[in-house]
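Visitor: Numbering (this note's numbering), first residue to last: 19 to 202. Sharing a structure below in structure tokens format, with a few things to ask.
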């Protein structure tokens with residue numbers, strides 16, 4: 019009973035979030051102060067949902083991306099939002115469903131297509147037919163932009179300062195290409 023009551027409360031909070039992009043409501047001095055902290059002092063676990071199971075679908079990209087969005091929504095709106103990874107697996111045309119994806123492409127797609135709650139598109143661990151119009155009335159456009167860094171890309175290198183600045187703003191996604199022969 020308590021769990022379903024909490025789920026209903028969080029669903030109501032999600033519905034009350036204005037359908038407009040959010041940004042962390044901190045001033046630059048507050049971010050600078052956090053950046054000056056040690057990496058161990060930046061801890062967003064209290065804003066994160068419990069771990070989820072992607073099962074036998076290569077959708078780690080969707081779970082990682084949605085976890086970062088959930089964490090940032092939770093941080094900004096003091097809620098525990100549970101978003102749909104299945105929505106991404108089915109509808110995100112810039113990634114590969116159960117065959118992998120890349121969070122930076124996912125965030126770009128989410129900027130235009132919004133997010134939906136888990137209850138609107140429950141996870142089934144396989145790619146199904148997307149009917150994007152079905153989500154028109156329930157999706158929320160909550161992503162205005164994002165920052166990223168990438169090793170080996172000139173001008174986008176992941177320095178310690180960049181990592182700390184990203185961590186100071188909220189939960190982040192870390193991704194790597196595991197298709198390299200060294201992972202086999």
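Backbone N, C-alpha and C fix where the C-beta goes; we use that ideal spot for every residue, glycine too. This one's a predicted model, so the numbers in the text were calculated from it and none came from an experiment.
CB-CB under 8 Å to residue 124, same chain, minus the five flanking residues each way: which ones, in chain order?
Guide: For the purposes of this step, residue 124 is identified with residue 106 of the chain shown, where counting begins at 1. The residues are 79, 80, 83, 106, 110, 112 and 113.
Visitor: Exposed or buried, which one is residue 169 when buried takes at least 16 other CB atoms within 10 Å?
Guide: As a working note, residue 169 is residue 151 in the chain shown. Residue 169 is exposed by the Cβ-count criterion.
Visitor: Is the beta carbon of residue 67 sitting closer than 8 Å to the one on residue 100?
Guide: Stepping through the chain shown from its first residue, residue 67 is reached at position 49. Stepping through the chain shown from its first residue, residue 100 is reached at position 82. Closer than 8 Å, so yes.
Visitor: Looking at the unbroken alpha helix (DSSP H) that takes in residue 154, where does it start and where does it end?
Guide: Start at 1 with the first residue of the chain shown, and residue 154 comes out as number 136. Where residue 154 is concerned, there is no enclosing alpha helix (DSSP H), given that its DSSP letter is neither H nor E.
Visitor: Note down the Cα distance separating residue 61 from residue 143, rounded to an integer number of angstroms.
Guide: Here residue 61 refers to the residue found at position 43 when the chain shown is read from its first residue. Here residue 143 refers to the residue found at position 125 when the chain shown is read from its first residue. Going by the C-alpha atoms only, they are around 30 Å apart.
Visitor: Which of helix, strand or coil does DSSP assign to residue 76?
Guide: Position 58 of the chain shown, counted from the first residue, corresponds to residue 76. The answer is strand: DSSP assigns residue 76 an E or B state.
Visitor: Given a cut-off of 8 Å on the beta-carbon distance, is the pair residue 102 and residue 71 in contact?
Guide: Residue numbering aside, residue 102 sits at position 84 when the chain shown is read from its first letter. Residue numbering aside, residue 71 sits at position 53 when the chain shown is read from its first letter. No, the Cβ-Cβ distance between residue 102 and residue 71 is not below 8 Å.
Visitor: Can you tell which of 115, 160 and 134 has its C-alpha closest to the C-alpha of residue 147?
Guide: Position 129 of the chain shown holds residue 147. Selected option, being the one with the closest Cα: 115.
Visitor: Residues bridged to residue 96 by DSSP?
Guide: Your numbering for residue 96 matches position 78 in the chain shown. The partner list for residue 96 (beta bridge, DSSP) is empty, contrary to what the question assumes.
Visitor: On the three-state DSSP scale, how would you describe residue 171?
Guide: Numbered from its first residue, the chain shown carries residue 171 at position 153. Three-state DSSP puts residue 171 in coil, outside helix and strand.
Visitor: Count the other CB atoms within 10 Å of the CB of residue 21; is the residue buried (16 or more) or exposed (fewer)?
Guide: If you number the chain shown from 1, residue 21 lands on position 3. Its pLDDT being 46, under 50, residue 21 is placed unreliably by the model, and the measurement read from it follows with that caveat. Label assigned to residue 21: exposed.
Visitor: Under a three-way DSSP split, which group does residue 190 fall into?
Guide: Counting from 1 along the chain shown, the entry for residue 190 is found at position 172. Coil.
Visitor: Only counting the same chain, and skipping five residues up and downstream in sequence, which positions put a Cβ closer than 6 Å to that of residue 164?
Guide: For the purposes of this step, residue 164 is identified with residue 146 of the chain shown, where counting begins at 1. Here the set comprises 125.
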